[in-house]
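In full-length UniProt numbering, the protein residues as written are 1 to 60. Don't be surprised by glycine CBs; every beta carbon is placed ideally from N, CA and C.
Below, the structure is given as C-alpha cells:
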C-alpha cells in the first residue's frame with residue numbers, strides 16, 4: 001500500500017506546482033518513498049536537511 005506522510009499537504013503541493021503529469025508523478029513517487037524515512041523521524045520531508053533529502057533521493 002502506498003502512503004504519504006502529510007498526504008493532504010503534499011497532494012495540494014503537487015497539484016499547485018506541477019502542470020506536467022509526468023513531473024507530478026515523479027515527485028509523487030519521491031513522496032511515497034520518503035514516507036519510510038519520514039515516519040520513524042516523525043518529520044516531514046519539508047523539514048529535512050539537504051543531507052537528509054539527498055539520502056532519500058539516493059535510495060529511491
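Alpha-carbon spacing of residue 6 relative to residue 20, whole angstroms = The residue labelled residue 6 in the question sits at position 6 within the chain shown. The residue labelled residue 20 in the question sits at position 20 within the chain shown. Looking at the two C-alpha atoms, the distance is approximately 22 Å.
Beta-carbon proximity check, residue 29 vs residue 4, cutoff 8 Å = On the chain shown, position 29 is the one that residue 29 refers to. On the chain shown, position 4 is the one that residue 4 refers to. Not closer than 8 Å, so no.
Around the C-beta of residue 38, are 16 or more other C-beta atoms found within 10 angstroms, so that it is buried, or is it exposed?
-> The sequence position of residue 38 within the chain shown is 38, counting from 1. With 16 or more Cβ atoms within 10 Å of its Cβ, residue 38 is classed as buried.
Look at residue 18 and residue 11 and say whether their C-beta atoms are less than 8 Å apart.
-> The sequence position of residue 18 within the chain shown is 18, counting from 1. The sequence position of residue 11 within the chain shown is 11, counting from 1. Cβ distance not < 8 Å, so residue 18 and residue 11 don't count as in contact.
Should residue 45 and residue 53 be called a contact, given that it needs their Cβ atoms to be closer than 8 Å?
-> Here residue 45 is taken as the residue at index 45 of the chain shown, counted from 1. Here residue 53 is taken as the residue at index 53 of the chain shown, counted from 1. Taking 8 Å as the Cβ cut-off, residue 45 and residue 53 qualify as a contacting pair.
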